[in-house]
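Heads up: the sequence shown runs through residues 13 to 344, numbered per our numbering.
Remarks on the structure that follows.
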Amino acid sequence: MDFSNLHTILRSLYDEMMPLCSEMAGVAQAIAGLGALFYVAYRIWRSLAAAEPVDVFPLFRPFVIGLCIMFFPTLVLGTINSVMSPVVQGTASMLEGQTLDMQKYREEKDRLEYEAMMRDPSTTYLVDDAEFDRQIDELGVTEAGTAAGMYIERGMYKVKKAIQNFFRELLEMLFQAASLTIDTIRTFFLVVLSILGPIAFALSVWDGFQSTLTMWIQRYIQTYLWLPVADLFSTILAKIQVLMLQNDISELTNNPNVDLDGSNTAYTIFMIIGIIGYFTIPTVAGWIIQAGGAGNYNRAINSTAMQGGSMVGSVAGGVAGNLAGRAGKLIK
């Protein structure tokens with residue numbers, strides 16, 4: 013499954029839903045027009061009743077908001093998206109650079125690990141089919157037990173590698189699924205805020221609802237920041253993996269007796285941390301710009317992430333440790 017295509021589909025979904033803002037503009041203009049009538053009349057009559065001069069400048073507020081409603085997709089959404097887009101592009105380029113480095117170092121590590129096992133006569137037959145067939149052909153009939161042991165050791169080595177690859181791919185899939193979950197919720201929030209944005213602007217004309225305008229802007233920007241925060245989090249995890257791969261490459265180059273089981277375990281731990289950490293992104297975005305109304309959601313999603321992460325970690329760790337331990341004993 014190519015998760016990058018799914019993220020691209022979500023971006024396209026947001027662009028496709030934006031024209032629906034225009035359908036709300038008519039209703040919003042009616043609400044704003046009625047609110048502007050009461051807004052202006054109340055202030056003029058209050059000034060006349062108090063025998064005070066009319067302050068004209070505050071009276072422009074409903075008309076400016078009405079102008080924003082009329083050109084909401086371009087004037088409001090276009091401005092905010094244009095300002096925030098460089099932030100998203102910058103974090104995306106950082107993530108892309110770290111991901112390319114991680115893929116390069118992973119390929120180099122696999123190559124060095126293969127070469128290290130090929131240099132050791134006691135492990136060559138485990139990874140090379142030709143060497144395995146050659147050693148089997150050299151064994152005589154009286155050494156049938158040795159040949160059977162070689163078959164068992166080779167089979168258990170393949171089982172061990174298959175188990176490690178399975179859990180690595182499983183955790184990577186869960187990691188990508190967590191990222192896709194956050195991106196899907198983010199897109200849903202942005203679409204709802206964008207389509208109903210003209211209504212929020214119209215209600216802000218009425219007295220008592222003035223804070224609706226600023227709250228809408230705060231929530232939209234906070235939700236928009238989920239993506240760059242997620243890219244930064246992925247960049248940090250990718251950088252950690254790059255450093256781990258560099259350390260493994262150094263050990264494979266300088267230490268012929270290196271054991272990489274600890275490195276594989278650390279990689280699994282960081283993947284579990286990444287799965288849990290993705291669900292803290294709304295909270296981190298709330299630290300950048302504060303917006304009320306999402307506190308209960310953040311607490312709920314963080315609690316769910318902690319419970320799910322604990323379950324994933326315990327199950328994956330227990331099963332992986334049990335199977336790897338049995339495989340290691342059989343190999344020995």
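Beta carbons: idealized from backbone N, C-alpha and C, even for Gly.
Which residues mark the beginning and the end of the alpha helix (DSSP H) in which residue i is found?
i	result
residue 47	32-61
residue 267	Residue 267 -> no alpha helix (DSSP H), and no H or E assigned at all.
residue 224	223-236
Can you tell me the Cα-Cα spacing of residue i and residue j, whole angstroms?
i	j	result
residue 170	residue 243	35 Å
residue 329	residue 111	With a pLDDT of only 47 at residue 329, under 50, the local geometry of the prediction cannot be trusted, and no value is derived from it.
residue 98	residue 105	10 Å
residue 287	residue 122	25 Å
residue 41	residue 228	17 Å
residue 264	residue 239	37 Å
residue 254	residue 114	5 Å
residue 276	residue 284	13 Å
residue 160	residue 128	25 Å
residue 261	residue 85	51 Å
residue 251	residue 172	27 Å
residue 225	residue 118	49 Å
residue 247	residue 180	19 Å
residue 17	residue 28	16 Å
Are the CB atoms of residue j and residue i within a distance shorter than 9 Å?
i	j	result
residue 92	residue 217	no
residue 199	residue 26	yes
residue 206	residue 80	no
residue 108	residue 257	no
residue 19	residue 192	yes
residue 237	residue 301	yes
residue 290	residue 190	yes
residue 43	residue 182	no
residue 37	residue 210	yes
residue 103	residue 241	yes
residue 48	residue 69	no
Which class does residue i belong to by DSSP, given the choice of helix, strand or coil?
i	result
residue 202	helix
residue 64	coil
residue 195	helix
residue 218	coil
residue 208	coil
residue 136	helix
residue 301	coil
residue 111	helix
residue 344	Residue placement at residue 344 is flagged as unreliable, the pLDDT there being 41, under the threshold of 50; the coordinate-derived value follows with that caveat. Of the three classes helix, strand and coil, the one that applies to residue 344 here is coil, per DSSP.
residue 83	coil
On the CB-based measure, 16 or more other CB atoms within 10 Å of its CB, does residue i come out buried or exposed?
i	result
residue 72	exposed
residue 116	exposed
residue 185	exposed
residue 59	exposed
residue 30	buried
residue 234	buried
residue 23	exposed
residue 54	exposed
residue 176	buried
residue 174	exposed
For residue i, would you say it is in contact with chain D, using Cβ-to-Cβ distances shorter than 9 Å as the test?
i	result
residue 230	The chain labelled as chain D is not found in the depicted structure, where only one protein chain is given.
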